[in-house]
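Numbering (our numbering), first residue to last: 38 to 115.
Here's what the structure looks like:
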């Protein structure tokens, strides 16, 4: 048996994408601590995922990595 939660207020453009959302146990526990309600608004779900996973998307890319990425193949040749 699967563990379900209800997401309310999902925009129609996102309904197909949110029809089945798999999260691991650790994330589920963070979103819904034991004893908490199992329903959440779309906006609150997005904020929660950004709080959990957002650190990876907010880190700036080092300009040296971006600038050097095009030269990797050329510099490796002799």
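No residue lacks a Cβ here, since even glycine has one placed at the ideal position from N, Cα and C.
Per DSSP, the beta-bridge partners of residue 77 are 44. At least 9 Å separates the beta-carbon of residue 87 from that of residue 44. With fewer than 16 other CB atoms across the displayed protein chains lying within 10 angstroms of its CB, residue 89 is exposed. In this structure, residue 67 keeps its C-beta atom at 9 Å or more from the C-beta atom of residue 78.
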